[in-house]
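Chemist: Before I ask anything, here is the structure I am working with.
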Amino acid sequence: SSTLISLLLGIPLGIWAAKSERVATIIRPILDFMQTMPAFVYLIPAAMLFGIGRVPGIIATVIFAMPPAVRLTSLGIR
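Our numbering puts the first residue of the sequence shown at -2, with every later residue one more than the last.
Put into structure tokens, the structure is as follows:
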């Protein structure tokens, strides 16, 4: 389910970034930051906010898996 959510968010953002250079320049540093952080860094605050369970895992996976979808969609369209 988290992979599907990542794709549903990442592909439209990638299309938008490919069509607009302004969006691409805003999104690029955010994607760089998101890809350099390990997945457990996202998991710790999610676990503190939502407790231990499925929701923190889904949130951490979506945050970690979305940048490649955005970046590869944008590069594929360009």
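Just so it is clear, CB atoms sit at the ideal spot from N, CA and C, and this is done for glycine as well. These figures come from a predicted structure and were not determined experimentally.
Could you tell me whether the Cβ atoms of Ile8 and Thr70 are closer together than 7 Å?
Modeler: Yes; because the gap between Cβ atoms is below 7 Å, this pair is in contact.
Chemist: Looking at Tyr39 and Ile24, is the spacing between their C-beta atoms short of 7 Å?
Modeler: Not a contact, by the Cβ cut-off of 7 Å.
Chemist: With 16 as the cutoff for other CB atoms within 10 Å, does Met45 come out buried or exposed?
Modeler: Met45 is exposed by the Cβ-count criterion.
Chemist: Quick one: Cα of Thr0 to Cα of Ala62, how far?
Modeler: Each residue's Cα considered, the two are about 7 Å apart.
Chemist: Whole-angstrom Cβ separation of Pro53 and Gln32, contact assumed at under 8 Å?
Modeler: So it is not a contact: roughly 20 Å between Cβ atoms.
Chemist: Specify, as a first and last residue, the run of the alpha helix (DSSP H) that Arg25 falls within.
Modeler: Its alpha helix (DSSP H) spans residues 18 to 33.
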